[in-house]
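Note sheet for the following structure.
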Amino acid sequence: MAPHKEEASTTDDDLVICRCEEITRGEIKEAIRNGMRTLNGVKRITRAGMGLCQGQTCQRLVAQILTEELHLSTAEIDPTTARGPVRPLRLEVFANS
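Sequential numbering of the sequence shown, starting at 66, is according to the numbering used here.
Below you can see the structure in the form of structure tokens.
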């Protein structure tokens with residue numbers, strides 16, 4: 066038996082998109098409804114993409130939600146700004162500098 070449309074949308078909003086920061090689809094949609102129009106904006110408000118994977122797992126999903134909610138094409142979604150270091154470094158690298 067298929068869920069009613071209302072039940073499906075509630076379930077969809079409870080879906081965890083960013084596993085590192087435990088951010089749900091509903092939280093991302095709320096950020097968009099509150100004015101966030103870019104990946105960086107959503108990231109800044111929700112922390113989606115700020116976890117251990119740095120968005121490698123969830124960025125594509127967040128972009129998809131942005132395109133759906135704002136009726137944009139994927140080409141219209143700017144990528145997030147990378148912050149250094151872009152890969153994990155051992156502290157000894159800095160200590161020996």
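Every residue gets a Cβ at the ideal spot worked out from N, C-alpha and C, and that includes glycine.
DSSP places THR139 within a helical segment (H, G or I) once states are collapsed to three. DSSP places CYS83 in the uninterrupted beta strand (DSSP E) bounded by 81-83. As the crow flies, the alpha-carbon of SER138 is around 15 Å from that of GLN124.
Per DSSP, reduced to three states, the secondary structure at THR122 is coil, with no helix or strand assignment. Non-local C-beta neighbours of THR103 in its own chain, meaning closer than 7 Å and more than five positions away in sequence, comprise ASP143, ordered along the chain.
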